[in-house]
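Everything on this sheet refers to the single structure shown next.
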Amino acid sequence: MTVAKLHLKVVTPTRVVVEADVDEVTLPGALGALGILPGHAPLLCALRIGELGYRQGSREHYLALQWGFAEVAADDVTVLADVAELPAEIDVEAARADKLSAEDALRAASGEEFEQQRAQLESAVTRIAVATRR
Amino acid sequence: MANTQALRRRIRSVKSTQQITKAMKMVAAARLRRAQNLIVEARPYANSLGSVLRSLAGRVGTHRHPLLQEREERRVTLVAMTSDKGLCGAFNSNVLREAHALVLSGRWEQVDVVAVGRKGIDFFKHRGIKPVAAFGDLMSRITPAVAFALAKSLAKRFSDGETDAIYLLSNRFRSIIQQKVVLARLLPIERGELEGGAQLTSYIFEPAPRALLDHLLPRHVEFAVLRALLSSQAAEHAARMTAMGAASKNAAEMIDSLTLTYNRVRQASITKELIEIVSGAQALGER
Numbered sequence: 011m012t013v014a015k016l017h018l019k020v021v022t023p024t025r026v027v028v029e030a031d032v033d034e035v036t037l038p039g040a041l042g043a044l045g046i047l048p049g050h051a052p053l054l055c056a057l058r059i060g061e062l063g064y065r066q067g068s069r070e071h072y073l074a075l076q077w078g079f080a081e082v083a084a085d086d087v088t089v090l091a092d093v094a095e096l097p098a099e100i101d102v103e104a105a106r107a108d109k110l111s112a113e114d115a116l117r118a119a120s121g122e123e124f125e126q127q128r129a130q131l132e133s134a135v136t137r138i139a140v141a142t143r144r
Numbered sequence: 004m005a006n007t008q009a010l011r012r013r014i015r016s017v018k019s020t021q022q023i024t025k026a027m028k029m030v031a032a033a034r035l036r037r038a039q040n041l042i043v044e045a046r047p048y049a050n051s052l053g054s055v056l057r058s059l060a061g062r063v064g065t066h067r068h069p070l071l072q073e074r075e076e077r078r079v080t081l082v083a084m085t086s087d088k089g090l091c092g093a094f095n096s097n098v099l100r101e102a103h104a105l106v107l108s109g110r111w112e113q114v115d116v117v118a119v120g121r122k123g124i125d126f127f128k129h130r131g132i133k134p135v136a137a138f139g140d141l142m143s144r145i146t147p148a149v150a151f152a153l154a155k156s157l158a159k160r161f162s163d164g165e166t167d168a169i170y171l172l173s174n175r176f177r178s179i180i181q182q183k184v185v186l187a188r189l190l191p192i193e194r195g196e197l198e199g200g201a202q203l204t205s206y207i208f209e210p211a212p213r214a215l216l217d218h219l220l221p222r223h224v225e226f227a228v229l230r231a232l233l234s235s236q237a238a239e240h241a242a243r244m245t246a247m248g249a250a251s252k253n254a255a256e257m258i259d260s261l262t263l264t265y266n267r268v269r270q271a272s273i274t275k276e277l278i279e280i281v282s283g284a285q286a287l288g289e290r
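Protein chains in written order, with the numbering used here: chain P, 11 to 144; chain F, 4 to 290.
Listed below in structure tokens is the structure:
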């Protein structure tokens, strides 16, 4: 007997990052994180900067995502992200440096600049979290 | 008659030119492969984006989004995509000739030119046309971020009302031996591209469909620019490959004909010397 699985596909404009059969997906939705299990209703949702997690059996994997959207239809989960990085690809030192510079800039910034720096800070924090997990 | 030394020098110089053109052809072939890969890798994203957009537009209707607003075309913006480097046959002149004709055609009251690629920038400078924006050194390294930034600045021009429509004029990659200059409207978005979506699934939308559509339409424009840049890049390498292949062939022909002349000249001089020796010896023998 086979248990229903989700077919997860994470693509960015430059490549297919992940394509796998998984048991559970956690998405950083624009309105809050959401978990997807097999049999989920069709969903179209905008994503923000954050961690995408997926579970295969008892093994969990994480990606650092930046913006995009996800489509869930008939156990196919398609994630279209602007940027998606695997833990192995993340340069933690660079992310830490980004975090510090964004924190500094945030103190003086306002308006659009503030939003930009906040996005940079969020992406740095996410990348560090993803890379240093486990 | 040419002397042998001058001929030898000539052959040597053609040979070294041929080495350069051969190397350039190989480099272009490698870059073409990479450019084609980029196009292929961008495809899954483009396909999903297109289908999602169509099903969304089918649901909420193509409402009055600023990027869909059609106005009477009086002031238009023409984006001419060229390469940064030359030696690629008629690649740039095809685009630029067409761009120049469009500017002078009088089809619109005013045409603002956006020059992408250094060749285009130089061309318009010589013609006394001042581009409203110029992007040099962009073709050497196309990344989504670069393409998106270009698209954002174009979309801003359009939604600020500085222009009534934006057209992209660029080479599209068809095959290695065929590149085609294509004029495509970038903005306002052609409604046809958003219609015909099959309404298969009733999605849960998060946030609301309209907000999602507002979020995705700019992305559609950004992706159209990225695709045009990638295609133009592939076409450039293909054009350079063909041009350098032809140049290498011409060099080979030239070397052949020069070698033939050289051998003839050398043979003639040997024959002449022989005749001189023989007739000298005969003259001595007859004494």
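Quick reminder that beta carbons are idealized off the backbone N, C-alpha and C, glycines included.
In this text, all values refer to a predicted model and were calculated from it rather than measured experimentally.
Starting from the C-beta of residue i, find all residues in its chain whose C-beta is less than 8 Å away, skip the five residues before and the five after it, and write them out in chain order.
i, result
"Q66(P)", "A30, D31, V32 and D33"
"L229(F)", "A45, I145, P147, A150, F151 and A154"
"V224(F)", "L70, A154, L157, A158, L189, L190 and I192"
"A255(F)", "Q21"
"V117(F)", "T80, L81, V82, A83, P134, V135, A136, A137, F138 and L157"
"M11(P)", "Confidence at M11(P) is low in this model, with a pLDDT of 45, below 50, so its placement is unreliable and the value that follows should be read with caution. Cβ neighbours of M11(P) beyond the five flanking positions: none."
"A49(F)", "F226 and R230"
Can you list, in chain order, the residues of its chain whose CB lies under 6 Å from that of residue i, leaving out five sequence neighbours each side?
i, result
"I100(P)", "R137 and A141"
"Y265(F)", "L10"
"D86(P)", "H17"
"T85(F)", "N95, V98, G120, K122 and G123"
"A83(P)", "P52"
"R69(P)", "none"
"A119(P)", "Q127"
"L8(P)", "Since the first residue of chain P shown is 11 and the last is 144, residue 8(P) is not available in this structure."
Looking only at its chain, what residues have a beta carbon closer than 7 Å to the beta carbon of residue i, apart from the 5 residues adjacent to it on each side?
i, result
"L90(P)", "V21, G78 and F79"
"V135(P)", "K109"
"L41(P)", "none"
"E113(P)", "L131"
"C91(F)", "E239, A242, R243 and A246"
"T24(F)", "M247, A250, S251 and A254"
"L233(F)", "A38, L41, I42, A45 and I145"
"E101(F)", "L172 and V184"
"D167(F)", "R74, E75, E76, R77, R78 and V79"
"F208(F)", "L215"
Quick check on DSSP: helix, strand or coil for residue i?
i, result
"Q126(P)", "helix"
"Q8(F)", "helix"
"M84(F)", "strand"
"L75(P)", "strand"
"K7(P)", "Limits of chain P in this structure are 11 at one end and 144 at the other, which puts residue 7(P) out of reach."
"P38(P)", "strand"
"G67(P)", "coil"
"K133(F)", "coil"
"T88(P)", "strand"
"D108(P)", "helix"
"Q270(F)", "helix"
"V32(P)", "strand"
"M11(P)", "Note that M11(P) scores a pLDDT of 45, beneath 50, so its modelled location is shaky; the value from the coordinates is reported in the next line. Coil at M11(P), not helix or strand."
"V17(F)", "helix"
"E196(F)", "helix"
"I145(F)", "coil"
"A286(F)", "helix"
"A56(P)", "strand"
"I46(P)", "strand"
"E112(F)", "coil"
"L62(P)", "strand"
"S120(P)", "coil"
"L172(F)", "strand"
"A26(F)", "helix"
"L233(F)", "helix"
"R177(F)", "strand"
"L189(F)", "strand"
"A51(P)", "coil"
"I207(F)", "strand"
Name, please, each residue of chain C whose Cβ falls closer than 7 Å to the Cβ of residue i.
i, result
"H218(F)", "The chain inventory of the structure shown lacks chain C, comprising the protein chains P and F."
Quiz item: Counting Cβ pairs, one atom from each stretch, are 3 or more of them under 8 Å apart for the region 71-79 of chain F and the region 189-196 of chain F?
Solution: A contact exists between the region 71-79 of chain F and the region 189-196 of chain F.
Quiz item: Counting Cβ pairs closer than 8 Å, one from the region 234-247 of chain F and one from the region 32-50 of chain F, do we hit at least three?
Solution: At 8 Å Cβ cutoff, the stretches touch.
Quiz item: Taking Cβ-Cβ distances below 9 Å as the criterion, which residues of the region 19-30 of chain P are in contact with chain F?
Solution: Cβ contacts with chain F come from K19, V21, T22, P23, T24, R25 and V26.
Exercise. Count the CB pairs spanning the region 32-49 of chain P and the region 102-120 of chain P that are closer than 8 Å, and state whether there are at least three.
Key: Touching, no.
Practice problem: Output the residue ranges of the beta strand (DSSP E) runs that lie fully inside the region 31-108 of chain F and measure 3 residues or longer, sorted by chain position. | Solution: Correct list: 78-84.
Exercise. Identify each residue in the region 36-48 of chain P for which the Cβ-Cβ distance to at least one residue of chain F is less than 7 Å, and report them in chain order.
Key: Listed by position, the residues of the region 36-48 of chain P near chain F (Cβ gap below 7 Å) are G39, A40 and L41.
Self-check item: Three or more C-beta pairs below 8 Å linking the region 53-72 of chain P and the region 203-218 of chain F
Solution: Counting C-beta pairs closer than 8 Å gives three or more between the region 53-72 of chain P and the region 203-218 of chain F, which meets the contact rule.
Quiz item: Relative to chain F, which residues along the region 88-116 of chain P have a C-beta separation below 7 Å, given in chain order?
Solution: Flagged, chain order: T88 and L90.
Quiz item: Counting Cβ pairs, one atom from each stretch, are 3 or more of them under 8 Å apart for the region 115-130 of chain P and the region 19-29 of chain F?
Solution: No, because fewer than three Cβ pairs between the region 115-130 of chain P and the region 19-29 of chain F fall closer than 8 Å, the two stretches do not touch.
Quiz item: So, do the region 172-180 of chain F and the region 76-85 of chain F have three or more beta carbon pairs nearer to each other than 8 Å?
Solution: Judged by Cβ distances under 8 Å, the region 172-180 of chain F makes contact with the region 76-85 of chain F, as three or more pairs qualify.
Practice problem: Name, going along the chain, the residues of the region 48-69 of chain P whose beta-carbon falls closer than 8 Å to a beta-carbon of chain F. | Solution: Closer than 8 Å at the C-beta level to chain F, one finds these residues of the region 48-69 of chain P: A51, P52, L53, L54, C55 and A56.
Practice problem: Could you please tell me which residues of the region 160-194 of chain F, in chain order, have their CB closer than 7 Å to any CB of chain P? | Solution: The region 160-194 of chain F vs chain P, Cβ under 7 Å: nothing.
Self-check item: Where the region 36-47 of chain F meets chain P: residues whose CB sits under 9 Å from a CB there
Solution: Going along the region 36-47 of chain F in chain order, one finds L41, E44, A45 and P47 with a Cβ nearer than 9 Å to chain P.
Practice problem: Give the residues from the region 134-150 of chain F that approach chain P closer than 9 Å (Cβ to any Cβ), ordered along the chain. | Solution: Within the region 134-150 of chain F, the residues whose Cβ lies closer than 9 Å to some Cβ of chain P are T146, P147, A148 and A150, listed in chain order.
Quiz item: If contact means a Cβ-Cβ distance below 8 Å, which residues of the region 219-239 of chain F contact chain P?
Solution: Cβ proximity to chain P below 8 Å picks out L219, F226 and L229 from the region 219-239 of chain F.
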